[in-house]
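Those letters in the sequence shown? Residues 96 to 300, per my numbering, in order.
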Amino acid sequence: MTIRPELPREFVAEHKRRRMIDAIADLTAEQGYEATKIADIVRQAAVARKTLYDNFDGKEDLFLSALDTAQAEMRAAVEEGCEPGSSLEDRIAAGLGALLEFIAAHPAPSRMLMVEAISATPSSARLYEASVGRFVDLLRVGAPTGTDLPETIEESLVGGVGWILQQLIRRGEAGSAPQLLPELVQFVLSPYASVAERGGAGRRK
Numbered sequence: 096m097t098i099r100p101e102l103p104r105e106f107v108a109e110h111k112r113r114r115m116i117d118a119i120a121d122l123t124a125e126q127g128y129e130a131t132k133i134a135d136i137v138r139q140a141a142v143a144r145k146t147l148y149d150n151f152d153g154k155e156d157l158f159l160s161a162l163d164t165a166q167a168e169m170r171a172a173v174e175e176g177c178e179p180g181s182s183l184e185d186r187i188a189a190g191l192g193a194l195l196e197f198i199a200a201h202p203a204p205s206r207m208l209m210v211e212a213i214s215a216t217p218s219s220a221r222l223y224e225a226s227v228g229r230f231v232d233l234l235r236v237g238a239p240t241g242t243d244l245p246e247t248i249e250e251s252l253v254g255g256v257g258w259i260l261q262q263l264i265r266r267g268e269a270g271s272a273p274q275l276l277p278e279l280v281q282f283v284l285s286p287y288a289s290v291a292e293r294g295g296a297g298r299r300k
């Protein structure tokens with residue numbers, strides 16, 4: 096008889112933790128944060144209720160941990176797509192392409208982060224705003240300076256892209272996100288392109 100080696104305790108614990116994170120992402124995507132109960136989560140994750148409370152303070156703590164995980168994975172995908180030293184156009188196209196591919200491949204975590212987090216709890220709303228801020232900072236890297244564009248141009252562009260993607264996700268069409276790449280690249284690049292055409296004179300207002 097073949098004896099299967101016992102898995103390390105840390106591996107098993109981390110695997111259960113990830114199952115709970117994936118479970119709340121899937122459930123909130125299906126039925127919303129408020130309708131998702133602890134009983135639903137432990138059943139979906141196939142863990143004991145005690146296991147959940149050994150790892151998290153409760154539903155909100157698990158939800159915030161899942162948001163942190165989704166945000167980190169989404170940002171890592173975008174940053175990996177943006178090659179340092181490449182042109183602004185190439186960086187924007189690569190970053191947006193990576194974001195859209197992530198959303199298509201991970202619709203439940205994307206909905207949790209980009210839709211449910213906004214209104215689920217005050218803490219999740221703050222986490223969402225912080226996530227948006229990180230993408231604003233990422234867009235600012237390599238963006239033209241010394242232009243007459245407003246200081247809030249990156250906030251406006253990231254906000255516009257976010258709104259478009261939120262509507263797509265709400266309609267249950269996350270899988271088609273990559274099809275938006277050409278128009279979103281044009282949308283994000285258009286203010287910078289207009290500055291280049293004018294010679295880039297002046298400073299941001």
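Just so it is clear, CB atoms sit at the ideal spot from N, CA and C, and this is done for glycine as well. No experiment lies behind these values; they were computed from the predicted model shown.
Distance between beta carbons of residue j and residue i, contact taken as under 8 Å
| i | j | result |
| --- | --- | --- |
| tyrosine 128 | phenylalanine 151 | Not really, about 15 Å apart at Cβ, beyond 8 Å. |
| alanine 140 | arginine 114 | 4 Å |
| isoleucine 187 | leucine 284 | 6 Å |
| glycine 190 | leucine 276 | The Cβ separation is near 11 Å, so there is no contact. |
| valine 122 | isoleucine 133 | The displayed chain sequence assigns leucine, not valine, to residue 122. Rounded, the Cβ-Cβ distance is 11 Å, inconsistent with contact. |
| leucine 183 | tyrosine 287 | 6 Å |
| glycine 257 | methionine 209 | 7 Å |
Where residue i falls, given that 16 or more other Cβ within 10 Å makes a residue buried
| i | result |
| --- | --- |
| arginine 138 | exposed |
| glutamine 166 | buried |
| alanine 225 | exposed |
| arginine 206 | buried |
| threonine 242 | buried |
| arginine 112 | buried |
| glutamate 211 | buried |
| threonine 240 | exposed |
| valine 236 | exposed |
Residue i - DSSP class collapsed to helix/strand/coil
| i | result |
| --- | --- |
| phenylalanine 158 | helix |
| histidine 201 | coil |
| lysine 300 | Only weak support is given to the placement of lysine 300: the predicted model assigns it a pLDDT of 42, under 50, and the value that follows is read from those uncertain coordinates. Lysine 300: coil per DSSP, three-state reduction. |
| glycine 241 | coil |
| phenylalanine 151 | coil |
| valine 236 | coil |
| glycine 127 | coil |
| glutamate 178 | coil |
| threonine 164 | helix |
| lysine 303 | Here the chain has residues from 96 to 300 only, and residue 303 is not among them. |
| threonine 216 | coil |
| valine 231 | helix |
| methionine 96 | Residue placement at methionine 96 is flagged as unreliable, the pLDDT there being 48, under the threshold of 50; a coordinate-derived value is accordingly withheld. |
| alanine 143 | coil |
Residue i Cβ short of 6 Å to the ligand GDP heavy atom set
| i | result |
| --- | --- |
| alanine 212 | Inclusion of the ligand GDP in the displayed structure is not the case, the ligand content being empty and no account of it being possible. |
### Message
Give the list of continuous alpha helix (DSSP H) stretches no shorter than 4 residues that lie fully inside the segment 244 to 295.
### Response
248 to 265 and 276 to 292
### Query
Are the segment 237 to 252 and the segment 190 to 206 touching, with three or more C-beta to C-beta distances below 8 Å?
no
### Query
Counting pairs of Cβ atoms below 8 Å between the segment 172 to 186 and the segment 212 to 229, do you hit three or more?
In short, these stretches do not touch, since the Cβ pair count stays below three.
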